[in-house]
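Peer 1:
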Amino acid sequence: MARIRRPVAAVVALGVAAALSLSACSSGKESTDTSAGKKVSGKISLAYLQKQGDQQYFIDEAQGAKDKAKQLGNVDIKVVNLGNDTNKAVSETQAAVAQKVNGVIIVPPDPAVGPQIVQTAAAAKVTLLTSDDQVCKNGPDPSKCAKDQLVQRVGFSGSQMGQQVGQRAAEEFKKAGWKASDTAVISAWKQDVTVCTDRVVAAQAAFEQAAGKVQVIKVGTDNTPTDAQSKTGAVVSGHRSVKHWVVWGCNDENVSGAVTALQNAGYKAADIDGVGLGAYLACKDWNSGKATGMKAALFINGYDVGGLAVQTIVDNLRNGKPMPQEAFAPTKMVDASNWKQEGVKCT
């Protein structure tokens, strides 16, 4: 791990320094402008760079992007799976620029690399749009970024999603008749991802407004089921007096992993109130027909986000239409009774 982290840190530091140096040498706006500002009359070439591209959500997102490109016509798109490799986010952005693409859509594995991504695209006059996660033009932490320095983004409203999750968790909590005194909440997410923080903060606020305060245990993860399961297992071992558990997180991976850990620790499905975010893993529990602590999930359709991202950047490149600061795709709450009818794909 240490061998990987050193170059990542160097890349991030270099990117931040480069972006800040450029903005100091000029007005700043030119060097970090994420829109090329010129129309493309012929074929449009796009690169879609995704973190964790093997996750179902991002697989759907990639398909939505490809289908939209085909529908719009005269649009070539290359999708690249960055995994969790921050260095690859930089190198693939550089490669896309070298291939003279007109636009880059990116979901970086780590927002800290944002300034270098922005600087690379801006220097080549390549239009940049982010999907899902926020990226700051002049700093590594989007949560500390001025709004006018955030790159335009297509995705979902973290606050609205979290609110829906918290409200549903509260409904299940009250329906079960649990008491706050013997209940605890697992709130699991990758804590340096701004949109994740937005979701869990909103979930807690909505839950407390609807059901009152319950002990909340914040669990930092890498947003994967395996890590969420491992970290939750450690939490449970130190909280054996808790009889009932409420679970929410940044995504289905966190909730699924936490629910699995609780069930492995001997808690019955009836004593777990898990509300996922994505539904692509939650549906597997429901599809099995077995009792599960995954009570519901907010269906976020990556396919819609991929299509909306391509539509947004093509409108800008082809017609000069300004890209909105944020554009949101619709969401809906699903559970074991309606997930199939609502169009959740379970592979």
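Heads up: the sequence shown at position 183 corresponds to 183 in UniProt numbering, and the numbers run straight through without jumps.
Glycine included, C-beta positions come from ideal geometry on N, C-alpha and C.
1) Tell me whether C196 sits in a helix, a strand or coil according to DSSP, three-state version.
2) S181: which of K213, V165, Q204, Q191 sits nearest, CA to CA?
3) Between the C-alpha atoms of K43 and K321, what's the straight-line distance to the nearest angstrom?
4) Report yes or no: do the segment 263 to 279 and the segment 303 to 316 share at least 3 C-beta pairs separated by less than 8 Å?
5) Reducing DSSP to helix, strand and coil, say where E342 ends up.
6) Taking Q163 as the reference, which of V235, G220, G233, C250 has the closest Cα?
7) So, T127 versus N87, is the Cβ gap smaller than 8 Å?
8) Could you check the C-alpha separation between T226 and I106 for me, to the nearest Å?
9) Using three-state DSSP, classify T224 as helix, strand or coil.
10) So the beta strand (DSSP E) M333 belongs to, where does it begin and stop?
11) Between K190 and the rest of its own chain, which residues show a CB-CB distance below 8 Å, the 5 nearest in sequence each way excluded?
12) With DSSP collapsed to three states, give me the class of Y267.
13) Does the segment 228 to 245 come within contact of the segment 201 to 213, defined as at least 3 CB pairs closer than 8 Å?
14) Between which two residues does the alpha helix (DSSP H) carrying D148 extend?
15) On a CA-only basis, which of S91, P109, D192 is nearest D141? Give me that one, please.
16) Contact defined as beta carbons within less than 8 Å: I believe I77 pairs with T93. What is the distance between those atoms, to the nearest angstrom?
17) Do G278 and D252 have their C-beta atoms closer together than 8 Å?
18) Please report the distance separating the alpha-carbon of A98 from that of Q52.
19) Is V200 near the ligand ZN, with its Cβ less than 7 Å from a heavy atom?
20) Closer than 8 Å by C-beta to T183: which residues in its own chain qualify, once you throw out the five before and the five after it? Chain order, please.
21) For W248, which residues does DSSP report across the bridge?
22) Identify the continuous beta strand (DSSP E) that holds N81 and give its terminal residues.
23) Should S159 and D198 be called a contact, given that it needs their Cβ atoms to be closer than 8 Å?
24) If we count Cβ pairs, one from each stretch, closer than 8 Å, do we get three or more for the segment 281 to 298 versus the segment 317 to 337?
25) For G257, does the count of other Cβ atoms within 10 angstroms reach 16, so buried, or fall short, so exposed?
26) Tell me whether M294 sits in a helix, a strand or coil according to DSSP, three-state version.
27) Within this structure, are the beta carbons of E61 and Q50 separated by less than 8 Å?
28) Keeping to the same chain, check which residues put their C-beta closer than 6 Å to that of A69; ignore five residues upstream and five downstream.
29) Using CA atoms only, rank isn't needed, just tell me which of D85, I186, V40 is closest to K125.
Peer 2: If we stick to the structure as given:
1) helix
2) K213
3) 17 Å
4) no
5) coil
6) C250
7) no
8) 25 Å
9) coil
10) 331 to 334
11) C196, G220, T221, D222, N223, C250
12) coil
13) no
14) Counting along the chain, D148 falls outside any alpha helix (DSSP H), and DSSP gives it neither H nor E.
15) D192
16) Actually they do not touch by this definition, with Cβ atoms about 15 Å apart.
17) yes
18) 24 Å
19) Among the components modelled here there is no ligand, and therefore nothing to report on the ligand ZN.
20) F173, V214, Q215, V242, K243, H244, W245, V246
21) S187
22) 75 to 83
23) yes
24) yes
25) buried
26) strand
27) yes
28) V75, I77, V310
29) V40
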